[in-house]
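Let me begin by presenting the structure, written as structure tokens, before commenting on it.
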């Protein structure tokens, strides 16, 4: 079943601006992960944040996690046209290491 | 180069036909997964396998079958019982040896019905 829900469904920004995507989920988690998918391709892992962490950085990416609100956000700073892709959050809550994916945010960065 | 290879890239199925999607990995990963992705939607889990000769149904296993005879290979068969098979199919793997595992994905197979 779908647990993560991303918001917004689509986001269009100008190059150089920051992009923020949000993810909400329903049950307790071990960790939350963000993935990127270019059109017609497989997903690529971006960043993982554990349930006992509140913020994590990787290059131009910043992820926050609020377990009390069951939500996470992904911030991409100084966006580039090459950042155009769909971004998915995925929650790890099961013992079988199944990840449950949300429906994604389609980000378009205009040059 | 280590990675996951899916083939074919595009596949067409006729009415009543079974088709098999290939997934091979050389990452020495124990766990492998099959997901289905419909346009504009997220991924739904079809089947997964944590070890050779063992696999479990995911959320939408009806109309699909898998095998795991080798660690490197996890083929997915879309049977004639799957009435709406048109979708993008993604295979993934992970090492299954610790917490906080991330998935490595293949490049996908687009299946369409003729």
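Chains as they are written, first to last, in the numbering used here: chain A, 117 to 227; chain B, 302 to 415. No residue lacks a Cβ here, since even glycine has one placed at the ideal position from N, Cα and C. Computed from a predicted model, the values in this text were never measured in an experiment.
Supposed close pair residue 322 of chain B, residue 377 of chain B - CB separation, criterion 8 Å: 5 Å
Proximity to residue 147 of chain A [Cα-Cα], best of A:180, A:224, A:136 and A:155: A:180
Buried versus exposed call for residue 305 of chain B [16 or more other C-beta atoms within 10 Å across all chains shown]: buried
Per-residue contacts from residue 406 of chain B into chain A (C-beta, under 9 Å): 151, 153, 157, 158, 159, 160 and 161
Integer-rounded CB distance, given that residue 350 of chain B should sit under 8 Å from residue 332 of chain B: 7 Å
Partners in chain A for residue 391 of chain B, counting only beta-carbon separations shorter than 8 Å: 158 and 159
Beta-bridge partners of residue 330 of chain B, as assigned by DSSP: According to DSSP, which records beta bridges pairwise, residue 330 of chain B is partnered with nothing at all.
Through-space distance from residue 369 of chain B to residue 134 of chain A, alpha-carbon basis: 44 Å
Alpha carbon of residue 310 of chain B to alpha carbon of residue 225 of chain A, nearest angstrom: 27 Å
Cutoff 8 Å: residue 358 of chain B Cβ touching any chain A Cβ: no
8 Å Cβ shell around residue 117 of chain A - same chain, five flanking residues per side excluded: Confidence is the limiting factor: at residue 117 of chain A the pLDDT is only 44, short of 50, which leaves the residue's position unreliable, though a coordinate-based value still follows. Counting only Cβ-Cβ distances below 8 Å, and skipping sequence neighbours, we find 216.
Exposed unless 16 or more other CB atoms sit within 10 angstroms - verdict on residue 182 of chain A: exposed
Test item: CB-CB of residue 312 of chain B and residue 412 of chain B under 8 Å: yes
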